[in-house]
Amino acid sequence: MKSGDRLGHLLGRRLGRQFGWLWAAHGTSALGTWLAFGAFPLIAIQVLDAGPAEVAALSSVGAAVGAAVAVPLGPWVEFRRKRPVLIAMDLVRCAALLTIPGAFALGVLTFLQLLLVSVVVAAADITFRAASGAYLKTLLPAEDLLVANARFESTAWTTTIIGPPLGGAATGLLGPVATVVTDAVSYLLSALGIRATGGHEPRPEGREAARLRAGDLLDGWRYILTDATLRPLFFNTALFNGLVMAAQPLLAVLMLDRLGFAPWQYGLAFAAPSIAGLLGSRLARPLVTRFGQHRVLVVAGALRALWPVGLALMGPGTGGLLLVMGVEFGLIFCCGVFNPVSATCRLERTAGDRVARTLTAWAVTTKASTALLTAVWGVLGSLLGPRTAIGLAGLLLLATPLLLPRRTPAPQPDPEPAPIRT
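Take the sequence shown: its letters are residues 5 to 426, numbered as in the numbering used here.
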C-alpha cells in the first residue's frame, strides 16, 4: 500500500485518499496555528516593548486590513484551479512567517513588520478557506460534505485542546519566535499534503483571462443576499461570532483583574471545555440523519445563543471558575454541532461557480464585524464596566436565533463537476 493510500485509510478511508491528504493538511496547519497562539503579542511585548495600543492593533487592524486585501482575491480564485491556490496560500503564509525569525536573528525586527505579516497571513487565511471550500465541493459528492465538514470541525477542536498547552510550554522553553517557526513549518507541510492529493483538477469554466471589474468584487455579497437561506444564515453568523469574540477581552479583564483568577485558571476555563466541540462535531451527522438538516441547524443555532449571558453572573473562587467552564462547555458543544451543519448548508446552497466568491465575502464580513464589535465593546467596557458589557453582549445574542433560516429549500441545482482524475 502506498503512503498516500495508508494515510487515506487512517484518516479518511470512507471519503477517499484525496480527502485523507486534504484532512491531514488541514490538521497540520491548524495545530501549527494553535501552537503559535499568542506569539505575535508576546513578541511585540517582550522583544519590541510594544504598548497596549500596538498590541491591540496586531489583532484588530491586522485582521481588518487583511480582510480588505482578500476582497479582490475571491473573484480571482473563482476562475482558477483551487489546488494550486491552496498550495500557494500555504507557501505565502510560510514565507511571511519565516521573515520574523530571520529579522529577529539579524536584530532588525520591527513592529511594522509584525503588522504587515499579520495582514498577509490574514488575507491568505481567507483566500485559503474560500479555495478550500470550492475544492472540497469538487472533490466529494454532496452526500459526503457533512461528514467532511464534521471531520474538519472535530480536528479544529482537537487542535484547540492540545495546541495552546504545548505552545505555551514551547514558548516558556524557547521563546515565542520558536513557535512562529513551528507555525511556518506547519504551512509548508500542509502545502506538501495538498500537493499529495494528486489527480487532475478540471479548469473552471468562465472568463478566467478577463480583466477583473470593480463590480466583480461584490459578486459574493450579491449572491448571499439574494438567497433566502444564505442571507439570514450570513447575518446570524456575522452577528453571533462578532458578539462572542467581542466579549472575550472583557472576560479576560474580569477574570484576571477584577476577580483575581490566576492565568492557569483562565486558560483552564477555556481549554478544558473545548472537548465539547469534539463531541458536538461527532454528533452532527447522526443528528442530521435522524432529525433533518434544518431542524438541527435551527435548534443548535438557537441553543448556542442561550449560554453566554451566564458569564455576567460569574463570581470569584471555585464556583465562578466552574460557572465559566459550564457555560463554555454548553456553548462550544452547540457550536460543535452547528458549525459543520452550517458549513454544509452553505456549500449545498452555493452554485459551484460561485463558491470562492461567496466564501470570501462570508469570511471578510465575519472578520470585519468581529473587529468592529470588539472595538465597540472595548469602549462599552470602559464606560459601563466589563461585567455589564459582557451581560449586554449576552442579551443581544439571545436575539440572534431570529436571524436563522425559517426553512431550508432543496440544495441549489448545480451541474455535476468533471471528476478529478487520479
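Here a beta-carbon is modelled for each residue, glycine too, at the ideal position from N, C-alpha and C. As the structure is a computational prediction, the values presented were derived from the model and not from experiment.
{"query": "Quick one: residues in its chain with C-beta nearer than 7 Å to the C-beta of Arg235, no 5 flanking neighbours on either side, listed in chain order?", "result": "Ile228 and Leu229"}
{"query": "Under the assumption that Leu402 contacts Ala309 (Cβ atoms under 8 Å), give the Cβ distance between them as a whole number of angstroms.", "result": "6 Å"}
{"query": "Return the CA-CA distance between Met329 and Gly398, expressed in angstroms with no decimal places.", "result": "16 Å"}
{"query": "Among the residues of its own chain, which have a CB less than 7 Å from the CB of Thr32, if the five just before and after it don't count?", "result": "Ser190, Leu193, Ser194 and Gly197"}
{"query": "At 4 residues or longer, what runs of the alpha helix (DSSP H) sit wholly inside the region 130-195?", "result": "149-178"}
{"query": "Starting from Pro344, trace the alpha helix (DSSP H) in both directions and tell me its first and last residue.", "result": "Gly321 to Arg353"}
{"query": "Using only the alpha-carbon positions, how far apart do Leu150 and Leu144 sit?", "result": "10 Å"}
{"query": "In whole angstroms, give me the CA-to-CA distance for Phe115 and Trp25.", "result": "36 Å"}
{"query": "May I ask which residues mark the beginning and end of the alpha helix (DSSP H) holding His30?", "result": "Arg21 to Leu39"}
{"query": "Beta-carbon within less than 7 Å of Val34's beta-carbon, same chain only, minus the 5 sequence neighbours each way: which residues are those?", "result": "Note that residue 34 is Ala in the sequence shown here, rather than Val. Same-chain partners within the cutoff: Thr159, Ala160 and Thr163."}
{"query": "Within 10 angstroms of its Cβ, does His204 collect 16 or more other Cβ (buried), or is it exposed?", "result": "exposed"}
{"query": "Got a sec? Which residues, its chain only, sit under 6 Å from Pro409 by beta carbon, not counting five neighbours each side?", "result": "Thr233, Pro236 and Leu237"}
{"query": "Where do the N-terminal and C-terminal ends of the alpha helix (DSSP H) with Trp80 fall, by residue?", "result": "Leu77 to Glu82"}
{"query": "Quick check on Phe295: buried or exposed, where buried means 16 or more other Cβ atoms within 10 Å of its Cβ?", "result": "exposed"}
{"query": "Report the CB separation of Trp381 from Ala250 in whole angstroms; it is logged as a contact under 8 Å.", "result": "4 Å"}
{"query": "Please return the same chain residues whose Cβ sits closer than 6 Å to the Cβ of Gly271, not counting the five positions on each side in sequence.", "result": "none"}
{"query": "Beta-carbon separation of Trp38 and Pro180 under 8 Å?", "result": "no"}
{"query": "Give the range of the alpha helix (DSSP H) segment to which Thr201 is assigned.", "result": "From DSSP, Thr201 is part of no alpha helix (DSSP H); its letter is neither H nor E."}
{"query": "Are there 16 or more other CB atoms within 10 angstroms of the CB of Ser373, so buried, or fewer, so exposed?", "result": "buried"}
{"query": "Sort Ile394, Gly321, Ile49 and Leu102 by Cα distance to Asp187 and report the nearest one.", "result": "Leu102"}
{"query": "Might you give, ordered along the chain, the residues of its own chain that have their beta carbon closer than 6 Å to the beta carbon of Leu113, omitting 5 neighbours on each side?", "result": "Ala107"}
{"query": "Three-state secondary structure (DSSP) at Ala54?", "result": "coil"}
{"query": "Taking C-alpha atoms, which residue in Ala306, Pro277 and Gly356 lies nearest to Phe83?", "result": "Gly356"}
{"query": "Quick one: measure Cβ to Cβ for Glu157 and Pro344, integer angstroms, because I've assumed they're closer than 8 Å.", "result": "5 Å"}
{"query": "Candidates Leu325, Thr241 and Gly305: which alpha carbon is nearest Phe265's?", "result": "Leu325"}
{"query": "Check whether the Cβ atoms of Ser122 and Leu62 lie closer than 8 Å to each other.", "result": "yes"}
{"query": "Can you list, in chain order, the residues of its chain whose CB lies under 6 Å from that of Val51, leaving out five sequence neighbours each side?", "result": "none"}
{"query": "Please confirm whether Val65 and Ile49 have their CB atoms less than 8 Å apart.", "result": "no"}
{"query": "With a Cβ-Cβ cutoff of 8 Å, do Ala379 and Glu332 count as a contact?", "result": "no"}
{"query": "Who are the near neighbours of Gly137 in its chain, counting only those whose CB is closer than 7 Å to its CB and skipping five residues on each side?", "result": "Leu351, Val359 and Leu363"}
{"query": "Under three-state DSSP, which class holds Ala266?", "result": "coil"}
{"query": "Count the other CB atoms within 10 Å of the CB of Gly176; is the residue buried (16 or more) or exposed (fewer)?", "result": "exposed"}
{"query": "Drop a sphere of 10 angstroms on the beta-carbon of Gly340, count the other beta-carbons inside from all chains shown, and report buried for 16 or more, exposed for fewer.", "result": "buried"}
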